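Below is one structure, written out as structure tokens; the observations come after it.
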Amino acid sequence: MNRYFIHLAYNGSLFHGWQIQPNAISVQEEIQICLKRLLREDLSLTGCGRTDTGVHANDFYAHFETDNFYSEEELKQLCYKMNRYFKVPIYINEIFSVDTRTHARFDAESRTYKYIISKNRSPFFTDLLYHNPAILDINLMNKGCEILFNYKDFTSFSKLHTQTKTNNCKIIEAYWEEKEELLIFHIKADRFLRNMVRAITGTMLELGQGKISIHDFEEIILAKDRSKAGFSVPGNALYLYKVEYPKELMSKQKKGSPAYSLNFL
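This is the structure we're talking about:
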């Protein structure tokens with residue numbers, strides 16, 4: 073059995089998330105249909121995570137297994153053919169072989185998300201940004217970020233009734249950055265709960281507007297109760313920006329320059 077990693081990116085505007093679901097278009101299903109047509113095999117993809125409806129991925133990995141062996145040149149050609157095949161906003165950056173024990177989801181060491189807020193309404197980036205003209209205290213919001221490092225259980229920011237065994241996550245990095253007319257929330261962790269980034273972002277916007285205090289924000293985390301936290305911001309402005317693996321597991325990845333550029337990231 074041979075295992076291959078696919079390194080890809082996608083605009084999530086047309087998709088109901090990564091994972092296959094009934095009566096809805098998903099990124100996983102589109103890629104599996106493409107692979108079946110090009111390789112004449114029924115292959116199942118395992119992604120590095122799952123993104124919700126409308127959420128984008130600048131850096132995403134998935135793996136598949138097959139009895140067939142494909143050379144580096146054949147994988148390069150497959151990558152080219154897949155990009156020609158897609159009529160939806162998916163781009164395959166690279167396909168490469170890995171050890172059969174390397175897992176796209178479980179071997180990922182960290183994931184970085186960015187949430188992009190526009191202070192001014194734009195007719196060009198409606199599907200890519202969240203418009204919020206409110207006056208925000210960025211310093212206070214960054215103090216809120218510092219509090220995140222003190223905790224592991226983020227039940228208050230998780231979607232209810234998920235199948236996870238634990239709601240513990242290790243936040244590695246979190247901060248807000250102003251970039252011209254944009255406000256960008258950066259957050260990096262070993263794992264994320266469903267809806268977690270959007271719920272944290274919405275709660276921090278309430279903090280920045282003075283609707284809650286720093287003490288309130290900390291109490292929300294301690295409550296371990298989703299109803300205590302703020303609203304979930306829309307998914308259209310959320311990006312899975314980077315997924316990182318141990319270097320020794322990704323020795324065959326070339327990771328050339330992608331054929332896309334999102335300057336506001």
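Take 73 as the starting number for the sequence shown in the numbering used here and just add one per residue. All residues carry an ideal CB built from backbone N, CA and C; glycine is no exception. Here the structure is a predicted model, which is why all the values come from computation and not from measurement.
Neighbourhood of residue i by C-beta distance below 7 Å, restricted to the same chain and skipping five residues each side
{"i": "Arg122", "result": "Gly89, Trp90 and Gln91"}
Minimum C-alpha distance to residue i - residue among the options
{"i": "Ser98", "options": "Tyr82, Glu113 and Leu110", "result": "Tyr82"}
{"i": "Thr238", "options": "Phe264, Glu250 and Ala246", "result": "Phe264"}
{"i": "Glu254", "options": "Ile243, Ala206, Tyr223 and Ile292", "result": "Just to set this straight, residue 254 is Leu in the shown sequence, not Glu. Ranking the options by Cα distance to Leu254, first place goes to Ala206."}
{"i": "Arg112", "options": "His128, Thr138 and Trp248", "result": "Thr138"}
{"i": "Thr275", "options": "Glu145, Leu80 and Leu212", "result": "Leu212"}
{"i": "Asn192", "options": "Lys251, Arg298, Leu321 and Tyr152", "result": "Lys251"}
{"i": "Arg156", "options": "Ser230, Glu181, Arg109 and Asn130", "result": "Arg109"}
Range of the contiguous alpha helix (DSSP H) that encloses residue i
{"i": "Leu279", "result": "Met268 to Gly280"}
{"i": "His338", "result": "The structure shown does not extend to residue 338, since the chain is modelled only from 73 to 337, so the question has no answer here."}
{"i": "Asn211", "result": "Ile210 to Leu220"}
{"i": "Lys319", "result": "Careful: Lys319 lies outside any alpha helix (DSSP H) and carries neither H nor E."}
{"i": "Leu107", "result": "Val99 to Leu111"}
{"i": "Lys148", "result": "Glu144 to Tyr157"}
For residue i, the residue or residues it bridges with in DSSP
{"i": "Gly119", "result": "Ala134"}
{"i": "Ala129", "result": "Tyr82 and Leu312"}
{"i": "Asn74", "result": "Thr138"}
{"i": "Ile259", "result": "Tyr185 and Ala246"}
{"i": "Glu166", "result": "His79"}
{"i": "Leu254", "result": "Ser190 and Lys251"}
Inter-residue spacing [alpha-carbon to alpha-carbon] between residue i and residue j
{"i": "Gln190", "j": "Arg173", "result": "Per the sequence shown, residue 190 should be read as Ser rather than Gln. Rounded to the nearest angstrom, the two C-alpha atoms are 42 Å apart."}
{"i": "Val269", "j": "Pro94", "result": "25 Å"}
{"i": "Asn102", "j": "Ile286", "result": "The amino acid at residue 102 is misidentified as Asn; the sequence shows Glu. Straight-line Cα distance between these residues: approximately 44 Å."}
{"i": "Ile162", "j": "Glu316", "result": "20 Å"}
{"i": "Asn74", "j": "Ala309", "result": "36 Å"}
{"i": "Glu278", "j": "Gln149", "result": "49 Å"}
{"i": "Ile164", "j": "Tyr185", "result": "20 Å"}
{"i": "Asp114", "j": "Gln325", "result": "25 Å"}
{"i": "Glu291", "j": "Glu166", "result": "44 Å"}
{"i": "Lys224", "j": "Ile244", "result": "11 Å"}
{"i": "Pro195", "j": "Trp248", "result": "24 Å"}
{"i": "Val170", "j": "Glu320", "result": "10 Å"}
{"i": "Leu107", "j": "Gln100", "result": "11 Å"}
{"i": "Phe221", "j": "Lys296", "result": "16 Å"}
Extent of the continuous beta strand (DSSP E) to which residue i belongs
{"i": "Phe229", "result": "Premise fails: Phe229 is in no beta strand (DSSP E) and is neither H nor E."}
Beta-carbon contacts of residue i that lie in its chain and below 8 Å, excluding the five residues immediately before and after
{"i": "His175", "result": "Thr118 and His135"}
Cβ shell of residue i (< 6 Å), same chain only, five flanking positions each side left out
{"i": "Pro306", "result": "Tyr202"}
{"i": "Thr273", "result": "Tyr187, Phe257 and Val305"}
{"i": "Ala96", "result": "His88"}
{"i": "Asn204", "result": "Ile189"}
{"i": "Cys217", "result": "Ala246 and Tyr247"}
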